[in-house]
Amino acid sequence: MSTASGLPLPPHRPEPGHSLRTIREIRESRPEEQREHFDAELADTDLDALPAVLRRWAAMANDGFLDLLLSTPFEGLEFGERSYDDAASGQ
(Lines of atoms letter the chains of each structure in order from A and count residues from 1; the text may use other names and numbers.)
(Lines give C-alpha, C1' and ligand atoms only; values in the text may rest on other atoms or scores of the structure.)
Protein backbone atom coordinates (compact mmCIF):
# COMPACT_ATOMS: atom_id res chain seq x y z
CA MET A 1 0.00 0.00 0.00
CA SER A 2 1.29 3.45 -0.77
CA THR A 3 0.67 6.63 1.15
CA ALA A 4 -1.11 9.56 -0.37
CA SER A 5 1.25 12.41 -1.11
CA GLY A 6 0.63 15.66 0.68
CA LEU A 7 -0.74 14.02 3.82
CA PRO A 8 1.21 14.58 7.01
CA LEU A 9 3.05 11.62 8.46
CA PRO A 10 1.88 10.36 11.84
CA PRO A 11 3.87 11.82 14.73
CA HIS A 12 6.97 9.88 15.69
CA ARG A 13 6.43 8.07 18.95
CA PRO A 14 9.58 8.26 21.03
CA GLU A 15 10.66 5.25 23.01
CA PRO A 16 9.19 5.29 26.52
CA GLY A 17 11.49 6.35 29.34
CA HIS A 18 10.95 3.09 31.18
CA SER A 19 11.49 -0.62 30.68
CA LEU A 20 8.20 -1.81 32.14
CA ARG A 21 6.13 -3.58 29.50
CA THR A 22 3.13 -5.11 31.29
CA ILE A 23 0.53 -3.92 33.77
CA ARG A 24 1.83 -6.54 36.20
CA GLU A 25 5.38 -5.13 35.94
CA ILE A 26 4.11 -1.60 36.54
CA ARG A 27 2.07 -2.75 39.54
CA GLU A 28 4.92 -4.76 41.06
CA SER A 29 7.34 -1.86 40.63
CA ARG A 30 5.29 0.25 43.05
CA PRO A 31 5.78 0.06 46.81
CA GLU A 32 3.19 -2.06 48.61
CA GLU A 33 1.34 0.98 49.99
CA GLN A 34 0.84 2.40 46.45
CA ARG A 35 -0.45 -0.78 44.81
CA GLU A 36 -3.94 -0.27 46.20
CA HIS A 37 -4.01 3.24 44.67
CA PHE A 38 -2.79 1.85 41.35
CA ASP A 39 -5.48 -0.85 41.38
CA ALA A 40 -8.22 1.65 42.24
CA GLU A 41 -7.19 4.11 39.52
CA LEU A 42 -6.83 1.35 36.97
CA ALA A 43 -10.31 0.02 37.79
CA ASP A 44 -11.91 3.45 37.24
CA THR A 45 -9.94 4.45 34.14
CA ASP A 46 -11.77 4.86 30.85
CA LEU A 47 -10.35 2.63 28.11
CA ASP A 48 -9.36 5.64 26.00
CA ALA A 49 -7.33 7.07 28.89
CA LEU A 50 -5.66 3.78 29.81
CA PRO A 51 -2.39 4.32 27.86
CA ALA A 52 -1.79 7.70 29.50
CA VAL A 53 -2.48 6.34 32.99
CA LEU A 54 -0.17 3.38 32.49
CA ARG A 55 2.61 5.61 31.09
CA ARG A 56 2.31 7.92 34.10
CA TRP A 57 2.53 5.06 36.62
CA ALA A 58 5.44 3.46 34.72
CA ALA A 59 7.31 6.76 34.63
CA MET A 60 6.77 7.23 38.37
CA ALA A 61 8.26 3.78 38.94
CA ASN A 62 11.47 4.81 37.21
CA ASP A 63 11.93 8.45 38.12
CA GLY A 64 14.03 7.67 41.21
CA PHE A 65 12.00 9.99 43.42
CA LEU A 66 11.06 7.33 45.95
CA ASP A 67 14.66 6.14 46.16
CA LEU A 68 15.78 9.73 46.80
CA LEU A 69 13.24 10.18 49.60
CA LEU A 70 14.19 6.91 51.26
CA SER A 71 17.95 7.48 51.00
CA THR A 72 18.33 10.93 52.63
CA PRO A 73 14.88 12.45 53.09
CA PHE A 74 15.82 15.59 55.03
CA GLU A 75 19.47 16.14 54.17
CA GLY A 76 20.20 19.82 53.56
CA LEU A 77 16.81 21.07 54.74
CA GLU A 78 16.47 23.61 57.53
CA PHE A 79 13.48 23.52 59.79
CA GLY A 80 12.17 26.49 61.73
CA GLU A 81 9.08 28.18 63.01
CA ARG A 82 6.07 28.59 60.83
CA SER A 83 5.05 32.11 59.88
CA TYR A 84 1.76 31.87 61.76
CA ASP A 85 3.42 30.79 65.05
CA ASP A 86 4.21 34.44 65.87
CA ALA A 87 0.61 35.53 65.33
CA ALA A 88 -0.76 32.73 67.50
CA SER A 89 1.66 33.40 70.38
CA GLY A 90 0.70 37.10 70.49
CA GLN A 91 -2.97 36.37 71.12
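Under our numbering, the first residue of the sequence shown is numbered 1495, with each subsequent residue one higher.
Where is the CB? At the ideal position from N, CA and C, for every residue including glycine.
Only a predicted model underlies this, so the values are computations on that prediction, with no experimental measurement involved.
{"Item": "Coarse secondary structure for Asp1533, derived from DSSP in three states", "Value": "helix"}
{"Item": "Nearest neighbour of Thr1516, chosen from Glu1526, Pro1545, Thr1539, His1531 [CA to CA]", "Value": "Pro1545"}
{"Item": "Proximity test, Arg1529 beta-carbon vs the ligand HEM heavy atom, cut-off 8 Å", "Value": "The ligand HEM is not among the ligands present in this structure, which contains no ligands whatsoever."}
{"Item": "Expected contact under 8 Å - CB spacing of Leu1548 and Ile1520 to nearest Å", "Value": "6 Å"}
{"Item": "DSSP-derived helix/strand/coil call for Glu1526", "Value": "helix"}
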